[in-house]
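**Student:** Numbering (UniProt numbering), first residue to last: 1 to 327. Note that CB positions come from ideal geometry on N, CA and C, so glycine has one too. I'd like to ask some things about the structure below.
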């Protein structure tokens, strides 16, 4: 992995914490409706949800694979005034995400959905396919959120409401690999590299936000790097890999502080939540629609991820994947 990032300069984690963003932008949180994916126990998404409920969010739809996982996340928040709505959606299945997204649309007919935080993901997993035959990282991190996005945009248009604002949680790991066009499945695994596949998935998050901003008038969309934080995201990595990359100490115990072997410094749940909520909420970003956010500011991405033809290709490939799965 380290060689994939030889030319990348990593910055020290900075920017506001989640509670600080919510306090500063309280009028954009109080009584608003949010959709959040990936808010499982110990996740960055749940840290963001924690700040939102403290800020008086009106309703939050929480998408998860099982009722047990979602309920565990809800229980961890304690007694709150925010209405927390569990939605079952397995991001490994396009049909499941479609059904969950339609359920959200049906349950929000009485009020607009204001914000969507697309945070769920997996990282550097062994070669495997989703239920629809898509490389799993691309399928879970990008295609599932593409489905959610399309359904919610269509619902807003049908109801003659303002579209929600989107934030897709990406990563500096996007440097590891770009969207591969028609070969998103790595020659059916023959050319698979877990970190290049992670790069493709995280690049797709960046490209989707840019394409939404380009083609959908009135839709605000961003991607964000929340920083490197000790969570269950690294559960697919072997003990040896964790040690070699500096994600764990010499005994294989996962670290939450310090710096990786390729120069990336650990951040915290609270600061990561702040980065995500800044990208989701801050009005100052409206003039830079489609931007990639890191450390509390807009950051330029590699030129390859900004090619207009590539973003149009990603959209078309995603449309084709979803169409086949829903036939």
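Do residue 208 and residue 314 count as a contact pair if the criterion is CB distance below 8 Å?
**Tutor:** Closer than 8 Å, so yes.
**Student:** Report the option in 100, 17, 59 whose CA atom is closest to the CA atom of residue 337.
**Tutor:** Coverage of the chain is limited to positions 1 through 327, which leaves residue 337 absent and any answer about it impossible.
**Student:** Tell me which residue opens and which closes the beta strand (DSSP E) that residue 225 is part of.
**Tutor:** Counting along the chain, the beta strand (DSSP E) containing residue 225 begins and ends at 221–225.
**Student:** With DSSP as the reference, label residue 166 as helix, strand or coil.
**Tutor:** Residue 166 falls in the strand class under three-state DSSP.
**Student:** At the level of alpha carbons, what is the spacing between residue 214 and residue 307?
**Tutor:** Using only the alpha carbons, I get a separation of about 12 Å.
**Student:** Quick test of the definition: if touching needs 3 or more C-beta pairs under 8 Å, does the segment 65–73 touch the segment 294–307?
**Tutor:** Flag = no, the segment 65–73 and the segment 294–307 do not touch.
**Student:** For the structure I just gave you, are there three or more beta carbon pairs, one from the segment 8–26 and one from the segment 237–252, closer than 8 Å?
**Tutor:** Judged by Cβ distances under 8 Å, the segment 8–26 makes no contact with the segment 237–252, as fewer than three pairs qualify.
**Student:** Excluding the 5 residues preceding and the 5 following residue 242 in the sequence, name in chain order all residues of the same chain whose CB lies nearer than 8 Å to its CB.
**Tutor:** Around residue 242: 234, 248, 252, 254.
**Student:** Could you give the residue range of the alpha helix (DSSP H) that holds residue 271?
**Tutor:** That run of the alpha helix (DSSP H) goes 269–281.
**Student:** Excluding sequence positions up to five away, which residues of its chain have a Cβ less than 6 Å from the Cβ of residue 291?
**Tutor:** Only 222, 298 meet the Cβ criterion.
**Student:** Go through its chain and collect everything with a Cβ distance to residue 12's Cβ below 7 Å, but skip five positions before and after it.
**Tutor:** Closer than 7 Å at the Cβ level, and outside the excluded window around residue 12, lie 265.
**Student:** Just verifying my parser: in three-state terms, what is the DSSP assignment at residue 199?
**Tutor:** Three-state DSSP puts residue 199 in a helix.
**Student:** Determine contact between the segment 126–135 and the segment 157–165, defined as no fewer than three beta-carbon pairs at a distance below 8 Å.
**Tutor:** No contact exists between the segment 126–135 and the segment 157–165.
**Student:** My output table needs one value for residue 64: the three-state DSSP class, helix, strand or coil.
**Tutor:** In the structure shown, residue 64 sits in a strand (DSSP, three-state: E or B).
**Student:** Are at least three pairs of beta-carbons, each pair with one atom in the segment 177–193 and one in the segment 110–118, less than 8 Å apart?
**Tutor:** The answer is no - the segment 110–118 does not touch the segment 177–193, with fewer than three Cβ pairs under 8 Å.
**Student:** In the DSSP output, which residue or residues are listed as bridge partners for residue 135?
**Tutor:** According to DSSP, residue 135 bridges with 129.
**Student:** At the level of alpha carbons, what is the spacing between residue 35 and residue 152?
**Tutor:** Straight-line Cα distance between these residues: approximately 10 Å.
**Student:** Report the three-state DSSP secondary structure of residue 83 (helix, strand or coil).
**Tutor:** In the structure shown, residue 83 sits in a strand (DSSP, three-state: E or B).
**Student:** What distance in whole Å lies between the Cβ atoms of residue 225 and residue 171, which are believed to be in contact at a cut-off of 8 Å?
**Tutor:** The Cβ separation is near 6 Å, so the contact holds.
**Student:** Would DSSP call residue 21 helix, strand or coil?
**Tutor:** In this structure, residue 21 counts as helix in the three-state DSSP scheme.
**Student:** Please classify residue 161: does DSSP put it in a helix, a strand, or coil?
**Tutor:** Note: residue 161 maps to coil in three-state DSSP.
**Student:** Within a Cβ cutoff of 7 Å, which residues of the same chain sit near residue 32, ignoring the five residues on either side of it in sequence?
**Tutor:** Excluding residues within five positions, the ones whose Cβ falls inside 7 Å are 57, 58, 114, 115.
**Student:** Short of 6 Å in beta carbon distance, which residues of its chain neighbour residue 227, apart from the five on each side in sequence? Order them along the chain.
**Tutor:** Contacts found: 13, 267, 272.
**Student:** Among 20, 104, 62, whose alpha-carbon lies nearest the alpha-carbon of residue 39?
**Tutor:** Residue 62 is the option with its Cα nearest to residue 39.
**Student:** Going by Cα to Cα distance, which pick from 326, 289, 324, 269 is closest to residue 43?
**Tutor:** Out of 326, 289, 324, 269, 269 has the C-alpha closest to the C-alpha of residue 43.
**Student:** What residue range does the beta strand (DSSP E) around residue 117 cover?
**Tutor:** Residue 117 -> beta strand (DSSP E) spans 115–118.
**Student:** Just to confirm, are residue 137 and residue 190 a CB contact at a threshold of 8 Å?
**Tutor:** It is not a contact, given that the beta carbons lie outside the stated cut-off.
**Student:** Rounded to whole angstroms, what is the Cα-Cα separation between residue 219 and residue 240?
**Tutor:** Taking the straight line joining both Cα atoms gives about 44 Å.
**Student:** If you check the beta carbons only, do residue 147 and residue 322 fall under 8 Å apart?
**Tutor:** Yes, the Cβ-Cβ distance between residue 147 and residue 322 is below 8 Å.
**Student:** For residue 90, does the count of other Cβ atoms within 10 angstroms reach 16, so buried, or fall short, so exposed?
**Tutor:** Buried, because 16 or more other Cβ atoms sit within 10 Å of the Cβ of residue 90.
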